[in-house]
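So the structure is just underneath, and the comments pick up after that.
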Amino acid sequence: MSEDKLRQAIDTLKQSGVRITPQRHAVLEYLLNSMVHPTADDIYKALEGKFPNMSVATVYNNLRVLKDIGLVRELTYGDSSSRFDCNTSDHYHIICNQCGKIVDFHYPSLDEVESLAEQVTGFDVSHHRLEVYGICNACKEQHAAK
Ligand SMILES: [Zn+2]
Ligand SMILES: [Zn+2]
């Protein structure tokens, strides 16, 4: 994971006038290093050793700040808790049915879906989200080993 990305993100924070607390820095760093789209709980568990006074609420707060300035995307999934993604470029997700892992993949943006939806429904379209589901390699291997 490149230090560059972290430095860029820190610059964005500074430009937005957001205070960079050690916890905020750690949350950001964790997200940038993790390609797994963690939940707030995952981040909390990973960092609680380093910040014994930190609560899940603090992690949420920090994530909300990062989200507001566009460094992090929140992926909501109805009942289950949100996953956080620091890859804010256009990409799609494939999700493992078994372990819930989310992996990024790139595909030319399906802009025509948006214009079609607009034409058909009259909505002002803001964005779209595409998710593909399946079984990841690790789960396949685990299954084969049984
Ligand atoms: Zn899996
Ligand atoms: Zn992603």
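Residue numbers (this note's numbering): 35 to 180.
Positions of the beta carbon are idealized from the N, C-alpha and C atoms, including for glycine.
These numbers were taken from a predicted model, which means no experiment stands behind them.
Going by the C-beta, is residue i closer than 6 Å to any heavy atom of ligand 2?
i, result
"D124", "no"
"D76", "no"
"N9", "The chain is shown only over 35 to 180; residue 9 falls outside these bounds and no answer can be derived."
Please tell me whether residue i and residue j are closer than 7 Å, where the distance is taken between their beta carbons.
i, j, result
"T122", "R107", "yes"
"C130", "C170", "yes"
"Y64", "I77", "yes"
"A74", "L97", "yes"
"V166", "V99", "no"
"F20", "I128", "Residue numbering for the chain in the displayed model covers 35 to 180; residue 20 lies beyond these limits and cannot be assessed."
"I136", "H71", "yes"
"A60", "L47", "no"
Does residue i come out as helix, strand or coil in the three-state DSSP assignment?
i, result
"C173", "helix"
"E108", "strand"
"S123", "coil"
"I77", "helix"
"S89", "coil"
"Y94", "helix"
"E165", "strand"
Mind checking whether the beta-carbon of residue i lies closer than 6 Å to any heavy atom of ligand 1?
i, result
"Q153", "no"
Determine, for residue i, whether the minimum Cβ-Cβ distance to residues of chain B falls below 7 Å.
i, result
"T155", "The chain inventory of the structure shown lacks chain B, comprising one protein chain alone."
Report the residue ranges of all beta strand (DSSP E) runs contained in full by the stretch 47 to 71; include only those spanning at least 3 residues, in chain order. none
Near ligand 1, which residues have their beta-carbon less than 7 Å from any of its heavy atoms, given in chain order? C130, Q132, C133, K135, I169, C170, A172, C173
In chain order, what residues place their C-beta within less than 5 Å of a heavy atom belonging to ligand 2? D119, N121, D138
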